[in-house]
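Student: Protein sequences, first through last, are from chains A, B, C and D.
With positions in the first sequence counted from 1, the corresponding number in the numbering used here is that position plus 640.
With positions in the second sequence counted from 1, the corresponding number in the numbering used here is that position plus 640.
With positions in the third sequence counted from 1, the corresponding number in the numbering used here is that position plus 640.
With positions in the fourth sequence counted from 1, the corresponding number in the numbering used here is that position plus 640.
Glycine included, C-beta positions come from ideal geometry on N, C-alpha and C.
Just so we're clear, the structure is a prediction, and the values are computed from it rather than from any experiment.
4 protein chains.
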Amino acid sequence: MTSTVPQDNAISAQEQEQLDELYAAFAAAHMTPLWTQIGGLMPTSPRPDSVPFLWRWSTLLPLAERAGELVPVGRGGERRAIALANPGLPGTAYATPTLWAAIQYLGPREQAPAHRHTQTAFRFVVEGEGVWTNVEGDPVAMRRGDLLLTPGMHFHEHHNTTDRPMAWIDGLDIPLVRTIDAGFFEFGPEVLSTTETPPVSRNERLWAHPGLTPVGAPAPRSSPLMAYRWEHTDAALTAQLELEDEGFPGVVEPGHAVVRFTNPATAGDCLSTMRCEMHRLRAGTPTALTRTAGSSVWQVFSGSGVVSVGDERYEVGTGDLFCVPSWAGLALDPGPDGLDAFVFSDAPVLEALGLARTAREDRP
Amino acid sequence: MTSTVPQDNAISAQEQEQLDELYAAFAAAHMTPLWTQIGGLMPTSPRPDSVPFLWRWSTLLPLAERAGELVPVGRGGERRAIALANPGLPGTAYATPTLWAAIQYLGPREQAPAHRHTQTAFRFVVEGEGVWTNVEGDPVAMRRGDLLLTPGMHFHEHHNTTDRPMAWIDGLDIPLVRTIDAGFFEFGPEVLSTTETPPVSRNERLWAHPGLTPVGAPAPRSSPLMAYRWEHTDAALTAQLELEDEGFPGVVEPGHAVVRFTNPATAGDCLSTMRCEMHRLRAGTPTALTRTAGSSVWQVFSGSGVVSVGDERYEVGTGDLFCVPSWAGLALDPGPDGLDAFVFSDAPVLEALGLARTAREDRP
Amino acid sequence: MTSTVPQDNAISAQEQEQLDELYAAFAAAHMTPLWTQIGGLMPTSPRPDSVPFLWRWSTLLPLAERAGELVPVGRGGERRAIALANPGLPGTAYATPTLWAAIQYLGPREQAPAHRHTQTAFRFVVEGEGVWTNVEGDPVAMRRGDLLLTPGMHFHEHHNTTDRPMAWIDGLDIPLVRTIDAGFFEFGPEVLSTTETPPVSRNERLWAHPGLTPVGAPAPRSSPLMAYRWEHTDAALTAQLELEDEGFPGVVEPGHAVVRFTNPATAGDCLSTMRCEMHRLRAGTPTALTRTAGSSVWQVFSGSGVVSVGDERYEVGTGDLFCVPSWAGLALDPGPDGLDAFVFSDAPVLEALGLARTAREDRP
Amino acid sequence: MTSTVPQDNAISAQEQEQLDELYAAFAAAHMTPLWTQIGGLMPTSPRPDSVPFLWRWSTLLPLAERAGELVPVGRGGERRAIALANPGLPGTAYATPTLWAAIQYLGPREQAPAHRHTQTAFRFVVEGEGVWTNVEGDPVAMRRGDLLLTPGMHFHEHHNTTDRPMAWIDGLDIPLVRTIDAGFFEFGPEVLSTTETPPVSRNERLWAHPGLTPVGAPAPRSSPLMAYRWEHTDAALTAQLELEDEGFPGVVEPGHAVVRFTNPATAGDCLSTMRCEMHRLRAGTPTALTRTAGSSVWQVFSGSGVVSVGDERYEVGTGDLFCVPSWAGLALDPGPDGLDAFVFSDAPVLEALGLARTAREDRP
């Protein structure tokens, strides 16, 4: 759709002068005509400013380590987190228009102080262990492959009780909340609520039993389960591929297993503004090409492969992160050892607002 | 509320004759006046016909075994199930006005043929193992402490592949469905769909992972998870009591842990018409006395205790079953080894219709 | 499905004796075998005890008037209501297993005192006016064609401020609530809360505006709107038939307009346990034959027609009431002036429990 | 919260150099540290870029009329609509970060061609009449005080069949949909689907009856009712204030009546992304000061008053529009004839995402 003024014919100099006067009057009155803008405002399909981009783990991790040497963590800066900044969104620290993704780094024996905010957060661990995140005073161990939640307005703090540093990925809805101006933030106490290091958090002990609801436990609006452990995720993905081998349903397409992380108290998405999933691709079974309204960020968890995002093509390995702008074609082609990948997206937002849309092309 | 005609004063013989004529005319026209019935129709609080009753496992099991010797199982009778018949509901085979409970018995190498029906069913195993129930062709092992579902209109059949018999408890909503005349029934094939004996069913492989939803699996309206294994139930109850010891929330009242069996695709009750829960009582912590609109059936799973239901008082042990009519006071006092008890009720029905009500009295 | 013991072969006298002993032991233990009952308990399709039946207005009204002469209305009997008693449910005053329907009669200047109960109620006016029902102190005028609600646990009382008597139809879920033992009842004050006679109730002034929700009004779980006026119902039905004439959607089948009375705060059924609808049939357009799981009661509001219910066939006119048992075939054939009919059913109950089912046969 | 690097102490030149190198490496890798940005990203309460602003009808209307003389309406530019451009969001045509508001002008006998888009739209008429908007081929008259809907992906076109021009307000979620890149747009046919001018649209004939649902009509996800007529809105507001005078509930605060425009098929907001309400303030009763997360745009419909938005203070009259950024304090003080005002906001978005928040201060 073109965005020109809808007048094919030449206009006279006088007419042009009158138009110029009109547009100047619009500007003075803080008014903008639709007819000069509609193509940009209302394209026939999404035209994101954000672009496909790949951040390599081999770049991210050394920089995070260097920040660990030079930058303290504490009140004010709050977290030693370095965000992925989409080149198409200059001046921001946003991976996509709705999603914030960062690598966070906590050195040996370091602590990050408590705060809470309306922004929803999670952490995903691609390697390492040794940090506990205390969510409302409940210490949650962080280990390889785990997804850990921090729903909105839950106080949280981190502590590393080991002699090794640890890095992980943070995902938040900071850009979305900033756009709609819905962010509130509060500092917590200076001193951590606890530095205990239990292997299993209290919320897991209450809620991480399949199909079992604790009748006496408070049922918050957000997920009561804060930790999704790799052992369960891995077992669920393994089972889907085995069922496929046996001829039964379970995979989303040939060789492609997916689990969605969900709130056991509602069966909906684990977070109100972000969908989190783990995908497992069997070697030799590339995915169909899909387009989805809304954006996402992926991190390779293990294995390797070739990823197409729009016109870009990336060879990816463990830890690498890439973003998928709205309606960009996405296809994953796993390497010889297959590919495990974590993804988070703004799908719950688009679904809640009636704006979700997906298209799928089978590939030759 | 009294159910007499609202006239305190004596009436004349002529008036009585006119009234008699009127009432005869009502009867002839198939009409019934409210004012002579309202006390029975609309009592100030529920006045169930059903009564508290205890069925001892030591009575039930031998009779089921004897039926195993004398009565074949097969097409027509369909199941060797013997129902608990509430003495207050003569002429029926109902445990309560909404709930059907039976002991089912399958001898060595026996099979029960496939059928399906709109009535919702579950099985609970208080002892033994060796039977698989195939639900829509998916073989589900039945073992001690397990809850196995058969949602409405799912074909199901049973097979015992061992040399030992097995008995278990069936729960259905037969009385409710009969009252509202909503029952449909179909026979399945004469030959079983499978006699495989996998330790884990396919539905569990897809759905029995805490907080993980298989994106590629069909999501039915009824629960996609057909088996709730004792190892999970036991672990969840144990955790609640341990959290209580540590000073954290989780139990419903002191010493009283409860898990509700829920549909992982909706987080609601595992069955549309019946609530299923497992309770664990610590020795020395009797429950409060509660009254609940709607009825329930309990089975002691392990341990012992003293149970009060209305004016009745039962000493109960493993396998014993008792029913709780609507609004009857219920209190459980666990024995020296504590008490584990399974319960199913019509609570989802009353909640769906806006009729749920509970009262609770702390005991001295 | 037959309900015999599943044994084709002759059994020996000794075997019979053993069986007799077993069955006697069952009876002594309050146990009932499934295999001798299953055909009745679980039929292949509903086999209601209730039967189709027609109650003529020309019979009902004179008997109600006679009751007005002989029986006072007041505390204890509470209401001068005479229920339709289904011949298939002897000993009850039930129109169907879930629905209670009655003609209620209030003489000139009479009052009926306040009470409330968990049973849900409505009133429908086939003729006359002059009575106000005060629902929680809000006087609601009752006029021809109006549907007036009394959701559960709302205090209500009636007063006739005219010199003429008035009769109307009451519908309640008394049988359902009695079956599940969920009934609670309370008397209100002896003196009426008000005897005002406004033409429009307060709840209508807040809620009877299409698509407009009063932001400052309390939003109860049950319908906040207590009166559905004939002028709106009539206009909505008229519009549907006019749209059909113009070639646009709106009717449910040719010549058949239907409006459902709904809760404006939820858009669901106006009552939690009963669905209420008004049907208008154009002359010359008989309905398809439909079967529905669950039961209903119809009242002709105006016009005439021939109604088939199961094997019965009724010629009906204004005020006549008939009941439709579960799964009985129903067809309506309007007379030369068409047919307007009010119906209430237990459809919300079956839908809430996942038991709704409908079949439809086009007629030759 | 400050956004400085969390280091109070002076650092050495060498340290600074190392930091500079690190930050340069971040930039090269398209990474941005959180600790330098967190104050802006995550403020303690919303810090909108958008500012309070007032657009006067006396400015808007003449400019729209002038555009009517100079700019044709037709394919490409699509609509002669001039948007309100918030001075705090330069380079955009957005009234707030989520809401688009414009004055649209259609001259005598003019037409605007059909298109559809995922963006949700409505029109509100502050004065005039004569235009019909055809929504999916259903002509909807536009008259003073009416709210007319165009839910997402509904084809719509306008035609003015009179000799007078007409101007009205359009509201859309263009900024929100642009931010999350969820916009799809399609042209419709060049020729209008109809130029009929019925006084009542077909959707109203089916759906604009209080509490009455047409059983035979299709029930879309979006509102089936496209027109909310002033006569109903006015009557509902009048009733709330009368009930207040009589001592009954209904107003949201003294002298302040509010109706929300809702979808009669769901009882939720009339549009998935925008809440629409009409407020009526009685003279002499200023509102409390409220702060709300999320933004809104108001238009005075009749009367006058003084409005405070944040630190701004506006004297307003009929047709004037003003926007309220997130968390800006809002208070309305009606003039001697009271004040009627229409408002639309992004409240459904914040509620769907769990981000809604409101604070209220009673004024001295």
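#1: For N903(D), I'd like the list of residues in its chain whose CB is within less than 6 Å of its CB, leaving aside the five on either flank, ordered along the chain.
#2: Since G934(D) meets chain A, which of its residues come closer than 8 Å, beta carbon to beta carbon?
#3: When you compare the region 932-940 of chain D with the region 992-999 of chain D, are there three or more beta-carbon pairs, one atom per stretch, that lie closer than 8 Å?
#4: Using a Cβ-Cβ cut-off of less than 9 Å, give me the residues of the region 681-694 of chain A that come near chain D, in sequence order.
#5: Going by DSSP, what residues sit across from I678(B) in a beta bridge?
#6: Kindly say whether H796(B), judged by its beta-carbon, lies nearer than 8 Å to any beta-carbon of chain A.
#7: Indicate the three-state DSSP secondary structure (helix, strand or coil) for N843(B) in the structure shown.
#8: Can you pull the chain C neighbours of S912(B), defined as C-beta to C-beta under 9 Å?
#9: Nearest-angstrom Cα distance between R818(A) and L700(A)?
#10: Taking only runs of the alpha helix (DSSP H) that begin and end inside the region 745-824 of chain D, which ones reach a length of at least 4 residues, in chain order?
#11: Answer with buried or exposed for P753(B), where buried requires no fewer than 16 other C-beta atoms within 10 angstroms of its C-beta.
#12: Using the beta-carbon count (16 or more within 10 Å), is G945(D) buried or exposed?
#13: Out of curiosity, what's the CA-to-CA distance linking L1014(D) and N726(D)?
#14: If we count Cβ pairs, one from each stretch, closer than 8 Å, do we get three or more for the region 759-767 of chain B versus the region 713-733 of chain B?
#15: To be precise: take each residue of the region 796-811 of chain D, compare its Cβ to all Cβ atoms of chain C, and keep it if any distance is under 8 Å. Which residues remain?
#16: Are the region 675-695 of chain D and the region 706-723 of chain A touching, with three or more C-beta to C-beta distances below 8 Å?
#17: Can you tell me whether D648(D) is buried or exposed, with buried defined as 16 or more other CB within 10 angstroms of its CB?
#18: What does P974(A) pair with, by DSSP beta-bridge criteria?
#19: Note down, in chain order, every chain A residue with its Cβ under 7 Å from the Cβ of V892(B).
#20: Would you kindly report the start and end of the unbroken alpha helix (DSSP H) that includes H896(B)?
#21: When you compare only the Cα positions, how much space is there between Q744(D) and Y868(D)?
#22: Would A781(C) and P839(C) qualify as a contact pair, given that the criterion is a beta-carbon distance under 8 Å?
#23: Give the residues of chain A in contact with Q658(D), contact being defined as C-beta atoms less than 9 Å apart.
#24: In terms of residues, what are the limits of the alpha helix (DSSP H) holding A876(D)?
#25: Taking the Cβ atom as the reference point for each residue, do A707(C) and L662(B) lie within a distance shorter than 8 Å?
#26: Just checking my contact of P974(C) with L921(C) at CB under 8 Å: how many whole Å lie between their CB atoms?
#27: Could you check which residue in D778(B), T672(B), H796(B), L877(B) has the C-alpha nearest to that of G978(B)?
#28: At least one CB of chain A closer than 8 Å to the CB of V898(B): is that the case?
#29: Could you tell me which of L746(B), P829(B), V691(B), P965(B) sits nearest to R715(B), measuring between CA atoms?
#30: Please list the residues of the region 861-881 of chain B that have a C-beta atom closer than 8 Å to any C-beta atom in chain A, keeping them in chain order.
#31: Consider the Cβ of E844(C): report whether some Cβ of chain B lies at a distance smaller than 8 Å.
#32: Just mark T642(B) as buried or exposed, buried being the case when its beta carbon has 16 or more other beta carbons within 10 Å.
#33: From the DSSP output, in three-state form, read off D986(C) for me.
#34: Once DSSP output is grouped into helix, strand and coil, what is the label at E830(A)?
#35: Of all Cβ atoms in chain A, is any one closer than 8 Å to the Cβ of V817(D)?
#36: For the region 970-987 of chain C, which residues have a CB atom closer than 8 Å to at least one CB atom of chain B, in sequence order?
Tutor: Inspection of the coordinates gives the following:
#1: Cβ within range, chain order: S863, C910.
#2: Those within 8 Å of G934(D) in chain A are I820, D821, A822.
#3: In this structure the region 932-940 of chain D touches the region 992-999 of chain D; the number of beta carbon pairs closer than 8 Å is three or more.
#4: Correct list: L681, M682, P683, T684, S685, P686, R687, P688, D689, S690, F693.
#5: Note: I678(B) sits in no beta bridge, so no partner.
#6: So, not an interface residue.
#7: In the structure shown, N843(B) sits in a helix (DSSP, three-state: H, G or I).
#8: Near S912(B) (Cβ distances below 9 Å), the residues of chain C are A992, L993, G994, L995.
#9: Roughly 25 Å separates the two Cα atoms.
#10: For the region 745-824 of chain D, whole alpha helix (DSSP H) runs of length 4 or above, ordered along the chain, are 814-819.
#11: Of the residues assessed, P753(B) falls on the buried side of the cut-off, its CB having 16 or more other CB atoms within 10 angstroms.
#12: Result: buried.
#13: Shown here, chain D extends from 641 to 1004; a query on residue 1014(D) therefore has no answer.
#14: Short answer: they don't touch.
#15: For the region 796-811 of chain D, there are no residues whose beta carbon sits under 8 Å from a beta carbon of chain C.
#16: Taking 8 Å as the limit for Cβ pairs, the verdict is that the region 706-723 of chain A does touch the region 675-695 of chain D.
#17: Here D648(D) scores only 49 on pLDDT, less than 50, and its place in the model should not be relied on; the value that follows carries that caveat. D648(D) should be labelled exposed.
#18: DSSP output for P974(A) lists G945(A) as bridge partner(s).
#19: Contact of V892(B) with chain A by beta-carbon distance below 7 Å involves V855, G856.
#20: Note, H896(B): premise wrong, no alpha helix (DSSP H); beta strand (DSSP E) at 896-901.
#21: Answer to the nearest angstrom: the Cα atoms are 19 Å apart.
#22: Closer than 8 Å, so yes.
#23: Going along chain A in sequence order, the residues near Q658(D) (Cβ under 9 Å) are R706, E709, L710.
#24: Unbroken alpha helix (DSSP H) run through A876(D): 870-885.
#25: Cβ distance < 8 Å, so A707(C) and L662(B) count as in contact.
#26: At roughly 4 Å, the Cβ-Cβ gap stays under 8 Å, so P974(C) and L921(C) are in contact.
#27: Distance from the Cα of G978(B) is smallest, within the candidate group D778(B), T672(B), H796(B), L877(B), for L877(B).
#28: Output row for V898(B): interface = yes.
#29: Closest option to R715(B), Cα to Cα, is P829(B).
#30: The region 861-881 of chain B vs chain A, Cβ under 8 Å: S863, L865, Y868, H872, T873, A875, A876, A879, Q880.
#31: Closer than 8 Å: no.
#32: With a pLDDT of only 35 at T642(B), under 50, the local geometry of the prediction cannot be trusted, and no value is derived from it.
#33: If DSSP states are grouped into helix, strand and coil, D986(C) belongs with coil.
#34: Coil.
#35: Chain A contact via Cβ: present.
#36: For the region 970-987 of chain C, which is checked against every Cβ of chain B, the residues closer than 8 Å are D986.
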